[in-house]
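If you count the sequence shown from 1, you need to add 1 to reach our numbering.
Note that beta-carbon positions come from the ideal geometry of N, C-alpha and C, so glycine has one too.
None of these values were measured; they are calculated from a predicted model.
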Amino acid sequence: MHLSRRALLSVFPAVALPAAAQSRASAAPRRAPGSTDAVSDHATLLRNTAAVFAGTAESNARPEVAPKLASIESTARARLAAMDDAGPGELFKGVPLGTSDPNLNRSFQYLYEIALATCTPGPAASELRDDPAVRRRVVDGLVHLHETYYGDQSKGYYGNWFTWEIGISAHVSKILVLLGDDITALTPGLPAAYVASMDAYLRNGKDGDVDLDSRFHTGANLADITTNRILQGAVLGDDARIRKAVADQLTVFATIDPYDLRHGVTDGFYADGSFVQHDSVAYTGSYGKGLLTRVVQTVKILDGTGYAPAEDLTGTVRRWVTDGFAPVIFEGWMMEIVKGRGVSRTTTGYSDVAAVVEAVVDLSSYATGADAAALAAYVKHVHRSSKSPLDPTGFVSPVSIARHADILASPVPPKDLTPAAHHTAFNAMDRTVHRRPGYAFALARSSARISKYEYMSGENLMPWFQGDGAHYLYLSGEDQTGAYGVDYYTAVSPYRLAGVTAPVEARRTVPELYGGLWYDNPARGFTASSTSQNTYVYFPRATNAFSGGARLGAYGTAGMVLADDVPWTAKQAGALPDDFVAYRGARATKSWFLLDDEIVVLAAGVGDPAGRAVTTTVDARIAAPSDTVTLTGGLRDGTPWSGAGTAPLAWLRYANTTRGTAIGYALLDGPDPTAALEPVTRSRRVVRQANPAALATKQVFTLSLDLPAGTPPTAMAYAILPNATARRTASWARGPLTVLTNTPEAQAVKHAHLGLVAANTFAPGTYHVEHLAIDGPASVLVRRNPDGTTALAVCDPTTGRRTITLTLRGRTLRPVSADEGVRVAPVPGGTRVEVTTHQAYGRSFVATLR
């Protein structure tokens with residue numbers, strides 16, 4: 002019989018919980034309970050934690066920290082006023098309790114914010130600081146919430162599991178640390194009672210402990226849970242709890258090996274810098290930064306204690322920053338491709354980066370030499386390059402604010418951790434980032450490995466095509482809030498996101514379909530946090546295997562095959578309920594070739610098996626209503642053209658003269674393009690229910706290649722030219738780039754000036770491209786270098802091949818250098834290169850031949 006987690010909780014009555022806590026606390030620790038070392042470590046841990054959240058007398062005396070202290074105090078005063086005005090069934094006015102888990106969590110949060118103000122040192126007088134009456138109110142509030150709403154597990158655990166296993170525990174654990182002496186004096190049994198209840202809500206674990214095999218206890222969530230348990234252990238003097246929590250948290254530092262999963266966990270950082278949460282969501286910019294914040298806080302909390310791991314964990318975290326975070330932050334803006342449902346929030350973009358910067362600031366204090374200098378230089382780079390100055394008041398720790406000020410005042414010159422000319426293939430999360438001086442191009446793909454999108458909790462309501470090749474072109478020097486962010490998703494049609502090929506149809510959001518935030522059908526396994534909900538509603542995967550690309554130095558290619566998603570295929574197989582709604586996808590084979598001054602896009606087999614009309618959006622951009630935007634171009638016969646409409650365009654240039662930005666488009670093949678520039682006004686609530694009702698009013702530019710219903714599969718080709726002048730855009734098609742082939746089986750280009758041939762092949766067989774013969778599905782880059790050598794990169798975008806073989810026709814070449822797994826041998830008329838791609842998970846293999 003399957004019992005819900007709520008039902009399992011009810012089996013354990015509240016009166017039995019203290020005994021369970023005592024039995025766990027009595028487990029034999031590594032050192033004797035109450036030993037001098039243990040007591041000293043507990044005191045240090047508590048002191049470190051207070052410093053992290055409340056600061057120290059030294060840090061808080063700094064003038065740069067004063068705004069943070071003022072914010073802490075004003076927030077606490079607002080919470081106390083809300084407590085004074087609370088009505089029946091409320092601890093705080095406007096936060097009714099009893100049926101709302103967000104309100105229960107918010108009540109604990111407000112108590113923490115009051116407690117924090119009473120414990121924050123500062124140079125100025127404060128009526129709240131050390132006030133025993135205010136602290137008593139917090140303690141009384143804790144007692145009330147536990148006795149009335151939280152302590153009885155038969156009544157708790159409604160709503161979101163995160164509230165009960167992480168959110169409330171985080172607030173309570175910090176209060177227990179900050180007000181430990183007051184709680185001991187007033188209600189000495191309260192910490193043990195709360196810890197017992199927190200353990201009970203963690204019954205997904207074993208005996209209230211963390212279950213590393215649970216799909217809930219992974220990645221950023223695991224870091225949160227274990228940090229809470231470290232603090233609880235320090236409060237209780239439970240050495241065994243602390244050590245177990247530290248050991249559990251250490252598992253998140255391990256690089257995920259998809260071929261050797263530990264506890265079945267796919268959440269975490271991968272070798273290529275990718276970060277995945279929820280099994281299959283590209284999530285560096287949301288859960289990833291949460292994990293970064295938590296583990297750096299743990300390093301600070303454990304500093305100087307016997308619990309600090311002997312290995313250099315800060316080195317691992319520095320690699321996360323360098324390989325995972327820095328490439329997806331452009332001039333202080335967190336790229337949309339790694340934020341999941343967070344893209345629909347109004348507080349996103351520049352503000353997302355504050356948590357990363359705070360973590361880097363703290364890491365720099367643990368690093369030495371060149372590592373410390375590089376981290377400090379990056380902090381200054383973000384500060385100098387961001388169009389929205391970072392406000393350190395948003396940092397969690399006052400100590401970090403003081404350190405941030407020291408770095409900005411230091412002589413270290415600002416420098417990005419990612420070179421201005423750089424290509425990153427995040428194939429483990431189906432993302433690509435291509436950077437050049439003046440722009441960054443970010444691409445979101447999907448596959449049977451990675452979700453097409455994330456919807457959840459009324460956020461990101463229209464996400465359907467965000468993983469179908471959607472791209473974001475960030476131009477240097479531009480305020481990205483005017484180009485992307487929530488207003489981009491609000492104003493631009495979800496069917497016409499930049500880079501997307503989509504069927505022409507009207508889809509309905511989850512609330513429109515089912516009248517709630519999820520599909521509710523417990524009898525068929527669909528509950529708020531069930532596996533079925535995840536698989537078919539929240540973050541469904543695609544069904545295509547081919548998605549990935551090779552990297553050769555600062556150049557790259559990416560490819561994917563559009564296919565139906567898992568809900569559609571399951572619905573057709575009869576595996577889903579009759580009232581469950583699924584949508585069929587369009588079809589296309591697409592490649593992106595990412596060079597210096599251009600991104601070349603080839604598409605073949607574009608169409609729809611159901612005969613619907615299909616639109617491929619070359620680009621979509623937004624501008625303010627007052628911006629001066631012009632569209633100029635030329636027809637294929639050389640006739641000048643301007644304005645909007647459908648025409649046989651050879652090229653088009655979008656220019657926003659108000660913002661000083663421009664993009665050129667060379668239209669190489671396909672139907673006559675349609676350029677549109679239209680005013681749009683929509684409420685931001687169309688993408689997220691919790692957003693303010695403010696309207697986004699924008700000019701929306703789209704350039705699309707539209708196929709009428711019933712059109713047979715069609716090929717298309719175009720190039721995107723960031724920052725291009727009209728002259729360069731008009732002449733680009735007569736330049737050094739040649740499209741070698743564009744079919745559903747193979748797509749390739751050649752750039753004569755770069756000496757580069759780039760190809761994606763999608764099906765079994767041998768494909769002849771220029772001087773190459775490629776065996777089966779692959780992504781390949783070959784470049785003739787000025788010194789006479791030939792460099793090549795090969796990857797398996799399907800992640801399922803054991804070997805890839807290619808032949809370079811011409812003179813026999815011998816290896817100068819080659820990655821392990823690359824074998825080079827002469828053959829009649831050329832050179833054969835065989836690459837062992839088995840279990841490489843899309844990694845590029847590189848060799849240089851002469």
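Note that the C-beta distance between ASN761 and SER592 is below 7 Å. Contact between the segment 626-637 and the segment 525-544 is absent: fewer than 3 CB-CB pairs across the two stretches fall below 8 Å. Pairing ALA826 with VAL836, the inter-Cα distance amounts to about 12 Å. For SER386, the enclosing alpha helix (DSSP H) has its first and last residue at 370-386. Residue LEU70 holds the alpha-carbon nearest to the alpha-carbon of SER127 among GLN700, ARG508, LEU70. Straight-line spacing of the CA atoms in PHE442 and ALA725 works out to 15 Å. With 16 or more other Cβ atoms inside 10 Å of its own Cβ, ASN106 counts as buried. Secondary structure of THR299 (DSSP, three-state): helix.
In the three-state DSSP reduction, TRP642 falls in the strand class (E or B). Here VAL383 is near VAL358, since their CB atoms are less than 7 Å apart. Nearest neighbour of VAL562 by Cα position, chosen from ALA587, ASP580, ALA667, turns out to be ALA587. Scanning its chain for C-beta atoms nearer than 6 Å, with the 5 sequence neighbours on each side dropped, one finds around ALA471 the residues ALA445, LEU498, GLY500, VAL501, in chain order. In the three-state DSSP reduction, THR252 falls in the helix class (H, G or I). Under the three-state reduction of DSSP output, TRP569 falls in the helix class. Proximity of the segment 322-337 to the segment 446-458 falls short of the contact definition, fewer than three beta-carbon pairs being nearer than 8 Å. Taking C-beta separations shorter than 7 Å and ignoring five residues to either side along the sequence, the partners of ALA667 in its chain run TRP652, TYR719, ALA720, LEU722, THR730, TRP733, ALA734, following chain order. Here ASN743 carries a strand assignment [DSSP, helix/strand/coil].
Taking a cut-off of 8 Å on C-beta distances, the segment 239-257 does not touch the segment 413-425, as fewer than three cross pairs fall below it.
Residue environment: GLY644 is assigned as exposed (fewer than 16 neighbouring CB atoms within 10 Å of its CB, all protein chains considered). Annotation for PRO641: GLY635 place their beta carbon closer than 7 Å to its own, counting only its chain and skipping 5 residues before and after. Under the three-state reduction of DSSP, HIS147 is assigned to helix.
Taking every protein chain shown into account, the CB of SER365 has 16 or more other CB atoms within 10 angstroms, so this residue is buried. In this structure VAL178 touches LEU47 by the C-beta definition: roughly 6 Å separates them, less than 8 Å. With contacts defined as CB atoms closer than 7 Å, ALA429 and TYR842 qualify as a contacting pair. Check the Cα spacing between GLN748 and each of VAL354, ARG728, LEU603: the tightest is with LEU603.
Rounded to the nearest angstrom, the Cβ distance from VAL296 to VAL318 is 6 Å, consistent with a contact under 8 Å. If you ignore the 5 residues before and after GLY168, its C-beta comes within less than 7 Å of the C-beta of ASN106, all in its own chain and listed in chain order. A Cβ-Cβ contact shorter than 7 Å links THR491 with ALA697. An exposed status is given to PRO709, since fewer than 16 other beta-carbon atoms sit within 10 Å of its beta-carbon. For TYR515, no beta strand (DSSP E) encloses it; the enclosing alpha helix (DSSP H) starts and ends at 511-515. Taking SER845 as the centre and dropping the five residues before and after it, the same chain places the C-beta of ALA551, ARG552, ALA794, CYS796 closer than 6 Å to its C-beta, in chain order.
The beta carbons of ILE408 and VAL362 sit about 6 Å from each other, so the pair counts as a contact at 8 Å.
Taking C-beta atoms as the reference points, THR791 and PRO778 fail to come closer than 7 Å.
Under DSSP, LEU704 shares a beta bridge with ASP620, ALA676. By the CB criterion at 7 Å, TRP165 and TYR113 fall outside the cutoff.
Apart from the 5 residues on each side of it in sequence, ALA624 sits with its Cβ closer than 6 Å to the Cβ of VAL630, ASN657, GLN700 in its chain, given in chain order.
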